[in-house]
Amino acid sequence: MKVLLTGSAGFIGGAVAERLEADGDEVVRVDLMLDKAHGASAAPEGTHQLDVRDADGWGDLLHGVDVVCHQAAMVGAGVTVADLPLYAGHNDLGTAMLLAAMHEAGVHRLVQASSMVVYGEGRYTCPEHGEQVPATRPREALEAGRFENPCPVCGEPLGWALVDEDARLEPRSSYAASKVAQEHYAIAWVRQAGAAAVSLRYHNVYGPRMPRDTPYSGVAAMFRSSLERGEAPQVFEDGRQVRDFVHVDDVARANVAALHAVREAPEGHHRAYNVASGHPVGIRDVAALVARGTGSDIEPEVTGGYRLGDVRHVVASPQRATDELGFTASVHPDEGLPAFATAPLRD
1 MKVLLTGSAG FIGGAVAERL EADGDEVVRV DLMLDKAHGA SAAPEGTHQL DVRDADGWGD
61 LLHGVDVVCH QAAMVGAGVT VADLPLYAGH NDLGTAMLLA AMHEAGVHRL VQASSMVVYG
121 EGRYTCPEHG EQVPATRPRE ALEAGRFENP CPVCGEPLGW ALVDEDARLE PRSSYAASKV
181 AQEHYAIAWV RQAGAAAVSL RYHNVYGPRM PRDTPYSGVA AMFRSSLERG EAPQVFEDGR
241 QVRDFVHVDD VARANVAALH AVREAPEGHH RAYNVASGHP VGIRDVAALV ARGTGSDIEP
301 EVTGGYRLGD VRHVVASPQR ATDELGFTAS VHPDEGLPAF ATAPLRD
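Throughout the sequence shown, residue numbering follows UniProt numbering, covering 1 to 347 in sequence.
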């Protein structure tokens, strides 16, 4: 199998490339090397440096390719409003340009990196009134430390439940909006081009070679950086917000499974899959697990702070990926997060 892999220099793309090459597949590595993601790092040998927004830049790179694995994207929650054009350009326009170039080259199979942020808030239930869709949390409630979503009927705190891939899409940040757009472009493309695509909705990915000390990286990396400076990790809200943390090696395995599946998929096929560990964890516990791995006795500091774009709980069901791709994560966060505390990062 010949795979064109965008974002191949990133920590996820790099892990995917290594697994594919270990399996004997041919990989065409492509990356733009954005400073926000890569810092001063140099592109690995053999990487084609290409701006995916440049329709004329693909040249012969797609020649003979069986499937494209699209990992290139600007990530993070969006630090400022000024980031909006960057997300729209790199993620949305970049994906549209890639899809057009693929069709021109006769390449009609795609696996793309999406994210759990497409869901916005997760799934919620009230013991008395059943499943409920909460409103956006108002600033006044967050300021007062009322972080749980209330039931719209009785006002009691809602409990979280697992989100499956058929849940509504309700992006709450510029990054999230761009990931929804990427999926929608893929859905339109498979219909127009007689193609097939898979969107992998990553949950919080962590592991070796994550970028260090940047708000565009993951929260686990930021906790680790604080501990390395001898500072307490800063945990927003009350620390009890729940997420799923999935190791980069498992994400690479999910991509390989999806690449093989999409090659056999019928024309017009699009399918989304949650890529998650299946073991939810509270954010304060994430900080504590990373601290355990450093051997530090520094306790996380629960600040009560908040970000308006954050959601309270979002925890996915990975069952569809297990049933249809044969993928089940192998790294439990209780083991992976402490090990991450001493894994090599990218400066």
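Virtual Cβ for every residue (Gly too), placed ideally from N, Cα, C.
None of the values given here were measured: they were computed from a predicted structure.
The shortest CA-to-CA distance from residue 219 to any of 324, 50, 109, 244 is the one to 244. With fewer than 16 other Cβ atoms from the protein chains shown falling within 10 Å of its own Cβ, residue 80 counts as exposed.
Apart from the 5 residues on each side of it in sequence, residue 48 sits with its Cβ closer than 8 Å to the Cβ of 28, 29, 30, 31, 61 in its chain, given in chain order. If you draw a straight line from the Cα of residue 103 to the Cα of residue 249, it is about 30 Å long.
For residue 189, the enclosing alpha helix (DSSP H) begins and ends at 174 to 193. The three-state secondary structure of residue 138, taken from DSSP, is coil.
Between residue 196 and residue 251 a beta carbon distance of about 21 Å is seen, past the 8 Å cut, so the two are scored as non-contacting.
Counting along the chain, no alpha helix (DSSP H) covers residue 313, and no H or E run does either. Between residue 283 and residue 303, the alpha-carbon positions lie close to 12 Å from each other. DSSP lists 125 as the beta-bridge partner residues of residue 131. Rounded to whole angstroms, the Cβ separation of residue 281 and residue 200 is 20 Å, and the two are not in contact under 8 Å.
Looking at the DSSP output, residue 202 shares a beta bridge with 115, 275.
C-alpha of residue 294 to C-alpha of residue 242: approximately 23 Å in a straight line. A distance below 7 Å between beta-carbons, with the five flanking residues on each side excluded, links residue 57 to the following residues of its chain, in chain order: 50, 51. Taking every protein chain shown into account, the CB of residue 325 has 16 or more other CB atoms within 10 angstroms, so this residue is buried.
Taken atom to atom, the span from the alpha-carbon of residue 86 to that of residue 74 is near 7 Å.
With respect to residue 340, residue 224 sits close: the two C-beta atoms are nearer than 8 Å. By the criterion of a C-beta distance shorter than 8 Å, residue 63 is surrounded in its chain by 105, once the five residues flanking it on both sides are discounted.
Distance between residue 233 and residue 316, taken at the CA atoms: about 25 Å. DSSP places residue 67 in the uninterrupted beta strand (DSSP E) bounded by 67 to 70. For residue 11, there is no enclosing beta strand (DSSP E); the enclosing alpha helix (DSSP H) has its first and last residue at 11 to 22.
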